[in-house]
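Student: Before I ask anything, here is the structure I am working with.
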Amino acid sequence: MVTVTKATRQSLTVVDNRTGKTYEVPIKDNSVLATDFKKISAQPGPNDRKEDETDQGLRVFDPAYMNTAVVHSRITYINGQEGILRYRGYPIQQLVKKSNFLETAYLLLYGDLPTNAQCGRWQDEVMHHTYVHTDIEDMFKSFRYDSHPMSMLTSAFATLGAFAPEANPSLAGQKLYTNAAFGDPRALEVLDKQILRIIGKAPTLAAAAYRMRQGRPFNRPAQGLSYTGNFLYLLDNLSGHQYQPHPVLEKALDALFILHADHEVNCSTATVLQVGSSLVDPYSVVAAACAALYGPSHGGASESAIRMLIEIGSPENVPSFMEKVEKRERVLVGFGHRVYKNVDPRSTAIRELAEEVFKVTGRNKLLDTALTLADYARKSEFMRKRNLYPNVDFYSGLIYQAMGFPLDFYPVLFAVPRCVGWLAHWRQMMLSPGGVKIWRPRQLYVGEAERDYVDAKDRRERAGATIFEGPVQVEHGGDSKRNVLASYKDETGKTWGKSKL
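Just so we're aligned: the sequence shown equals residues 3 to 503 in the working numbering.
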């Protein structure tokens, strides 16, 4: 039962029924500090284990960060109930219609839209840093021809850091970046230079992964093209001179880059903050973020959404597929969002972009299936109850497919613009006046209590053990089977195997 009284102060009164003590917890920005709950302690009761550490204060349990704020941020605001997304206060719809990607990148990183002069200098600097060392091209050539491009991109960012030892706090000093928070001009210069390098080189690395898969030689960045125009040149130019991508495709990709540039503290951005809190170099931070983005529950969702639409095939198959979804026999991809409980504002903007692209490329054959699925979702009580509306991945994949990108390249097209958001959050963390504390989440230990070591000869298998409590039988290739039947002597001279030596 909730009793409503007239509020007199911004605080929460907590009564610990174990001890009868009352605590007042301050409320600021509609939040409470988790560490304030650590002050609420008690002596262990009859149901407490020693491992619960009851006398060391109350812990806050929040699986998957469902309602935990971890940073104060000025970058991106999302209201999931109302379907609002703003970069530094600007509605995403306005930026998609009026801005361009590099201008939006400047906004996310530095807080305001640049003046004409600032925009010109910024674009020149970013495009100046598009080239990569030729040895990095050799790194791409070391991959198998069928490697996933996100594997290559993740490795490429980590490799890039090895070419900038002056940007590595482990080599150049622990406070290399955090000194920038106190106005150290050298630290600020090193910090922003790495941001320029990563944003500039991201399309070059992504295109190298693409060309590697195609078996084509790598292109060198072109001067005079826009950020996305240069990216399309790096991807597609084969021969000839004065290559110009189609303006509609260039504009559409630029708009998609704006839409994907940031999305608050999502999985990959949380990875940036977690890894960055150790004060590692930004190249390692971005590589870790790429690994997080790679997953099918995050940046891999647009690829999965298209695969789902291909499997459904045609509009008439939508009802039968949705029956399986409602029976929980199949997973519906491209609908619903961890934050948005209303229409994803990015999906609305992308839907408009899709029509422009289809006028140039031709209508995507999967569009009718997608629209039928979206219409079904809008009318379905099952979907409405669960707030399952089309998200950004649902329509972006349709555009990427219409533009001719292979399915496994979709996460790369997400990663290139998201580098900006990652770096904006990383920069904000490095410039924190209070310094950077390494992230160290707590756990609730529910495992075995203390027990004594047992010699191998005295151990017994656990009664009622499940398949999860031991390794499963692993199938090996033919060469392994042959080796099992062979014999050999190891380094100690002991004979192994079934054959005769």
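All residues carry an ideal CB built from backbone N, CA and C; glycine is no exception.
Predicted, not measured: the structure shown is a model, and the values here were computed from it.
For the alpha helix (DSSP H) containing S322, name the first residue and the last one.
Tutor: 320-328 is the extent of the alpha helix (DSSP H) around S322.
Student: Taking 7 angstroms as the limit between beta carbons, can you name the residues of its chain near T21, skipping five residues before and five after?
Tutor: The answer, listed in chain order, is A44.
Student: For E105, I'd like the list of residues in its chain whose CB is within less than 7 angstroms of its CB, leaving aside the five on either flank, ordered along the chain.
Tutor: Closer than 7 angstroms at Cβ, skipping near neighbours: L115, P116, C121.
Student: From the DSSP output, in three-state form, read off K483 for me.
Tutor: Helix, per DSSP.
Student: In this structure, how does DSSP classify I440 when only helix, strand and coil are distinguished?
Tutor: I440 falls in the coil class under three-state DSSP.
Student: Taking just the CA atoms, how far does Y179 sit from F259?
Tutor: Going from the Cα of F259 to the Cα of Y179 covers about 27 angstroms.
Student: Could you tell me which of A164, L190, G85, F159 sits nearest to Y112, measuring between CA atoms?
Tutor: Of A164, L190, G85, F159, the residue nearest in Cα terms is L190.
Student: Measuring CB to CB, does D283 end up less than 7 angstroms from N102?
Tutor: No; because the gap between Cβ atoms is not below 7 angstroms, this pair is not in contact.
Student: F39: which of G423, A224, K177, I29 sits nearest, CA to CA?
Tutor: It is I29 whose Cα lies nearest to the Cα of F39.
Student: Identify the continuous beta strand (DSSP E) that holds T78 and give its terminal residues.
Tutor: Run containing T78: 78-81, per the beta strand (DSSP E) assignment.
Student: Look at the Cβ atom of A211, then the Cβ atom of L155, and state whether they are nearer than 7 angstroms.
Tutor: Yes, the pair counts as a contact, with Cβ atoms nearer than the cut-off.
Student: Please report the Cβ distance between L173 and Y285, rounded to the nearest whole angstrom; I am assuming they are in contact, meaning their Cβ atoms lie under 8 angstroms.
Tutor: Not really, about 13 angstroms apart at Cβ, beyond 8 angstroms.
Student: Quickly, what does DSSP pair E463 with across the bridge? List them, please.
Tutor: Per DSSP, none; premise fails for E463.
Student: Where L110 and V72 are concerned, what is the direct C-alpha to C-alpha distance, given to the nearest angstrom?
Tutor: Looking at the two C-alpha atoms, the distance is approximately 19 angstroms.
Student: Which value, in whole angstroms, describes the spacing of the CA atoms of P48 and T56?
Tutor: Roughly 11 angstroms between the two C-alpha positions.
Student: For T371, count neighbouring C-beta atoms within 10 Å of its own C-beta (all shown protein chains included) and say buried if the count is 16 or more, exposed if not.
Tutor: Buried, because 16 or more other Cβ atoms sit within 10 Å of the Cβ of T371.
Student: Can you give me the Cβ contacts of V288 inside the same chain, cut-off strictly under 7 angstroms, excluding the 5 residues immediately before and after it?
Tutor: The residues are F159, I200, C421, W424.
Student: Please list the terminal residues of the continuous alpha helix (DSSP H) segment that includes G231.
Tutor: It spans 229-238 - the alpha helix (DSSP H) in which G231 sits, taken as one unbroken run.
Student: Please return the same chain residues whose Cβ sits closer than 7 angstroms to the Cβ of R11, not counting the five positions on each side in sequence.
Tutor: Contacts found: none.
Student: Skipping 5 residues on each side, what residues in its chain have a beta carbon closer than 8 angstroms to that of V34?
Tutor: Excluding positions up to five away in sequence, the list reads L14, V27, P28.
Student: Under 8 angstroms, with one C-beta from each stretch per pair, do the region 133-140 and the region 235-253 reach the 3-pair mark?
Tutor: Short answer: they don't touch.
Student: Please classify Y342 as buried or exposed, where buried requires at least 16 other C-beta atoms within 10 Å of its C-beta.
Tutor: Because the pLDDT of Y342 is 48, which lies under 50, any placement of that residue in the model is unreliable, and the number read from its coordinates should be weighed accordingly. Y342 should be labelled buried.
Student: Would you say R462 faces chain D, with C-beta separation under 7 angstroms as the test?
Tutor: Chain labels in this structure do not include chain D; a single protein chain is all it has.
Student: Rounded to the nearest angstrom, how far is the Cβ of V335 from that of Y378, given a contact under 8 angstroms?
Tutor: Not confirmed; about 14 angstroms, so no contact.
Student: Okay, do the region 391-408 and the region 305-320 touch, 3+ Cβ pairs below 8 angstroms being the bar?
Tutor: The answer is yes - the region 305-320 touches the region 391-408, with three or more Cβ pairs under 8 angstroms.
Student: Kindly indicate which three-state DSSP category T132 falls into: helix, strand or coil?
Tutor: Looking at T132 - three-state DSSP - the assignment turns out to be coil, as it is neither helix nor strand.
Student: For Y296 and Y490, I'd like the C-alpha separation in whole angstroms.
Tutor: Roughly 42 angstroms separates the two Cα atoms.
Student: Taking 7 angstroms as the cut-off, decide whether the C-beta atoms of A1 and L237 are in contact.
Tutor: As shown, the chain starts at 3 and ends at 503. That puts residue 1 outside it, with no answer to give.
Student: Buried or exposed, going by whether 16 or more other CB atoms sit within 10 Å of the CB of L97?
Tutor: Buried: at least 16 other Cβ atoms inside 10 Å.
Student: Considering only residues of the same chain and omitting the five flanking positions on each side of L368, which have a CB-CB separation below 8 angstroms?
Tutor: Only I308, L311, I312, L400, Q403 meet the Cβ criterion.
Student: Would you kindly work out how many angstroms separate the C-alpha atoms of L355 and G315, rounded to a whole number?
Tutor: Distance between the alpha carbons of L355 and G315: 23 angstroms.
Student: On the premise that H130 lies in contact with G202, defined as a C-beta separation below 8 angstroms, what is that separation, rounded to the nearest angstrom?
Tutor: 7 angstroms between Cβ atoms; contact.
Student: Beta-carbon separation of M152 and V418 under 7 angstroms?
Tutor: Not a contact, by the Cβ cut-off of 7 angstroms.
Student: So, at 7 angstroms on beta carbons, what are the nonlocal neighbours of A204 in its own chain, with the 5 sequence-adjacent residues on each side left out?
Tutor: Hits under 7 angstroms: V418, C421.
Student: What is the rounded straight-line gap between the Cα of M3 and the Cα of F470?
Tutor: Residue placement at M3 is poorly supported in this model, since its pLDDT is 48, which falls under 50; the coordinates are not used for a value here.
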